[in-house]
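**Q** Before I ask anything, let me first share the structure, which is written out below as structure tokens.
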């Protein structure tokens with residue numbers, strides 16, 4: 544491969560990973576022993592746009608703080624390829640797999656554009672409750688600053704900062720309708736830090752019952768414990784063997800997603816700490832029993848925020 548094609552290949556790889564100014568690109572190329580002028584870089588970008596990119600990719604640009612940024616956006620349906628090992632003998636159950644139609648893909652691209660351009664989003668309507676951040680169900684006219692697209696349990700979510708409430712929130716993309724690009728945000732990095740801190744506190748993407756983090760301790764039977772040990776659940780997780788069983792410890796908040804995850808393991812999981820989680824677990828058990836016996840109306844409820 545010629546140096547010219549190698550340089551174009553490197554530029555494509557770089558621009559697919561993030562957005563860069565011309566100065567950034569020249570510096571990165573120089574680090575890889577390619578010395579080119581500003582004019583040559585412009586020709587390279589034109590060649591990439593006209594001859595290298597497929598129909599599924601677009602070379603995009605935007606202005607931020609008087610600087611022009613370039614990036615490559617992939618327009619094809621988001622990939623669900625396996626992480627790590629894959630072969631022709633590997634299949635996908637599609638369990639939990641979100642149905643991505645054209646409108647959802649278009650929405651994801653709008654969110655991606657807003658993140659790249661450090662712009663807010665005007666959301667005309669939010670329906671249902673997926674994460675607890677929209678507890679009172681249907682909500683109208685929200686202004687948020689999106690900072691991250693999250694792929695969680697084979698579904699897409701947007702982590703954002705609510706401009707009105709000044710709080711980090713997470714919504715499933717299925718919930719969002721009538722979305723338009725808003726104004727540029729001058730403090731994007733600060734807002735992203737706030738959202739990242741909040742995400743580290745959550746088990747999954749669901750809103751916690753309060754602002755505290757707890758020392759979570761869950762005991763699992765031996766066979767299930769080995770499965771738990773082999774998977775990722777939270778950045779703070781630690782698993783150790785105790786008297787033939789396994790104990791998982793984490794430092795995070797308590798939320799509905801954590802409770803649902805515990806119920807997934809039925810009688811092979813036992814809550815050790817904190818006492819609040821044990822109390823909420825018992826409450827959820829009683830609520831399930833009351834529902835099964837028809838003692839309470841069968842309707843949507845969130846018992847953690849009643």
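Numbering (my numbering), first residue to last: 544 to 849. C-beta: ideal position from N, C-alpha, C; glycine also.
May I have the straight-line CA-CA distance separating residue 683 from residue 709, to the nearest angstrom?
**A** Whole-angstrom Cα-Cα distance: 17 Å.
**Q** Tell me the DSSP secondary structure of residue 529 in three-state form.
**A** An answer regarding residue 529 cannot be provided, because it is not within the stretch 544 to 849 covered by the chain.
**Q** In angstroms, rounded to a whole number, what distance separates the CA positions of residue 755 and residue 819?
**A** If you take the alpha carbons of residue 755 and residue 819, they lie about 12 Å apart.
**Q** Using the C-alpha atoms, what's the distance from residue 804 back to residue 788?
**A** About 19 Å.
**Q** Expressed to the nearest angstrom, what Euclidean distance is found between the alpha-carbon atoms of residue 785 and residue 600?
**A** Going from the Cα of residue 785 to the Cα of residue 600 covers about 52 Å.
**Q** Report yes if the C-beta distance between residue 795 and residue 774 is below 8 Å; otherwise report no.
**A** Not a contact, by the Cβ cut-off of 8 Å.
**Q** For residue 756, which of helix, strand or coil comes out of DSSP?
**A** Residue 756: coil per DSSP, three-state reduction.
**Q** Are the CB atoms of residue 664 and residue 689 nearer to each other than 8 Å?
**A** Result yes, Cβ atoms of residue 664 and residue 689 sit closer than 8 Å.
**Q** According to DSSP, which residues form a beta bridge with residue 710?
**A** DSSP lists 705 as partners of residue 710.
**Q** Helix, strand or coil: which one does DSSP assign to residue 767?
**A** Residue state, collapsed to three classes: helix.
**Q** List in chain order: all unbroken beta strand (DSSP E) runs of 3+ residues lying wholly within the region 585-672.
**A** Listed in chain order, they are 600-607, 610-617, 662-669.
**Q** Can you give the Cα-Cα distance for residue 587 and residue 715, rounded to whole angstroms?
**A** Spanning the two alpha carbons is a distance of roughly 38 Å.
**Q** My understanding is that residue 713 touches residue 743, with C-beta atoms under 8 Å, so please give their C-beta distance in whole angstroms.
**A** The Cβ separation is near 13 Å, so there is no contact.
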